[in-house]
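One structure below.
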Amino acid sequence: MLLATFKLCAGSSYRHVRNMKGLRHQAVLAISQGLNRRALGDPTSGAWINQVRRRSSLLGSRLEDALYSDQELAYIRQGEEAMQKALGILSSQEGWKKENQQANGDTVLSKVVPDTGKVFRLEVVVDQPMERLYEELVERMEAMGEWNPNIKEIKVLQKIGKDTIITHELAAESAGNLVGPRDFVSVRCTKRRGSTCVLAGMATRFGEMPEQKGVIRGEHGPTCMVLHPLAGSPSKTKLTWLLSIDLKGWLPKTIINQVLSQTQVDFANHLRKHLESSPAPDARC
Numbered sequence: 099m100l101l102a103t104f105k106l107c108a109g110s111s112y113r114h115v116r117n118m119k120g121l122r123h124q125a126v127l128a129i130s131q132g133l134n135r136r137a138l139g140d141p142t143s144g145a146w147i148n149q150v151r152r153r154s155s156l157l158g159s160r161l162e163d164a165l166y167s168d169q170e171l172a173y174i175r176q177g178e179e180a181m182q183k184a185l186g187i188l189s190s191q192e193g194w195k196k197e198n199q200q201a202n203g204d205t206v207l208s209k210v211v212p213d214t215g216k217v218f219r220l221e222v223v224v225d226q227p228m229e230r231l232y233e234e235l236v237e238r239m240e241a242m243g244e245w246n247p248n249i250k251e252i253k254v255l256q257k258i259g260k261d262t263i264i265t266h267e268l269a270a271e272s273a274g275n276l277v278g279p280r281d282f283v284s285v286r287c288t289k290r291r292g293s294t295c296v297l298a299g300m301a302t303r304f305g306e307m308p309e310q311k312g313v314i315r316g317e318h319g320p321t322c323m324v325l326h327p328l329a330g331s332p333s334k335t336k337l338t339w340l341l342s343i344d345l346k347g348w349l350p351k352t353i354i355n356q357v358l359s360q361t362q363v364d365f366a367n368h369l370r371k372h373l374e375s376s377p378a379p380d381a382r383c
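In structure tokens form, the structure reads like this:
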């Protein structure tokens, strides 16, 4: 059976089978199950099984890659790149300047990052468990326009695996029409690392969502939100939002800085109000 399974995997390299994703996925599972049965049924073959397992782990990763098209793999890698860049910016504690300080402790900081430009960092504590925030910001992302007036619509254009999505976001005009309508096409990557959730993204191109007439296409990235339980108070969540955005068009920097820092403050206020006024769903991060 195991030999036949390897032949099945080898067959998936032929052109007429290459696009049969289900077949390759079944092959990966069959290899794993076959190795486990061998290991349990024949104790004398343990060394051989361990050696094959090590080799099959590489084979498995290659087969998993084969489950996606070249374009899908490019999106996955772009999302992971956005996460690494964003976390790298957040990990540096030097050079941050205070842009906005609220009475409730919400703080917006900023600094200029080489090859990225000016970035903004919101730091808030929300009186809700992390699972609740994850549910609203990830699982129910498309409903964000219902409670955040700065967003008209967020639509998931494509899901790739369990961690990566392509989204289209239509932003509302700012107060006083200082900034006209903007939209953004982004690749977003979500990871759970221990008790921390990281939601990252950056601008990307998606052929099925060209630029819209009358709307300026802005660019995100790299951006991310980091969620983790507040130390000593696990029912509360520390939320850090790194915002890096190019609004395009002609806008004075003073207006851009004012709009972006206020957008982050407004987001925290709208999020709290929404969480307090709506029932908590049964969510798990």
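FYI, in the numbering used here the residues of the sequence shown are 99 to 383. For glycine and all other residues, C-beta sits at the position ideal for the given N, C-alpha and C.
Distance between residue j and residue i (C-alpha atoms, nearest Å)
i    : j    : result
H372 : T335 : 15 Å
I255 : I263 : It should be pointed out that residue 255 corresponds to Leu in this sequence rather than to Ile. Cα to Cα, the separation comes out at about 7 Å.
N202 : V222 : 9 Å
Y112 : E179 : Bear in mind that a pLDDT of 41 at Y112, under 50, signals an unreliable position, so the number given afterwards is only what the model happens to contain. Spanning the two alpha carbons is a distance of roughly 31 Å.
A366 : D261 : 25 Å
I187 : Q169 : 27 Å
P212 : P377 : 43 Å
Beta-carbon contacts of residue i that lie in its chain and below 6 Å, excluding the five residues immediately before and after
i    : result
H326 : S293, T294 and K336
Q149 : Caution applies to Q149, whose pLDDT of 46 falls short of 50 and renders its modelled position unreliable; the model cannot decide the point.
V313 : P279 and D281
L220 : V206, W339 and Q362
V324 : V296 and T338
Pick from the options that is closest to residue i, judged by C-alpha positions
i    : options                   : result
G278 : G203, K311 and G305       : K311
Q176 : P308, A298 and H368       : A298
Q182 : C322, S284 and R280       : C322
Y166 : G259, L220, E229 and R219 : G259
S208 : R291, R290, G193 and S189 : G193
A270 : C287, V285, E244 and D261 : E244
V357 : Q226, N198 and Q191       : N198
Counterpart residues of residue i in DSSP-defined beta bridges
i    : result
E221 : T205 and T338
S284 : T265 and A301
G215 : V211
S331 : L328
R291 : T294
E317 : D344
Close beta carbons around residue i, own chain, < 8 Å, minus the five adjacent residues each side
i    : result
L215 : According to the sequence provided, residue 215 is Gly. The question's Leu does not apply to it. Excluding sequence neighbours, G215 sits near S342 and D344.
Close-in-space but distant-in-sequence residues of the same chain around residue i (CB under 7 Å, 5 per side omitted)
i    : result
H266 : K253, L255, D281, V283 and M307
M242 : I249 and I252
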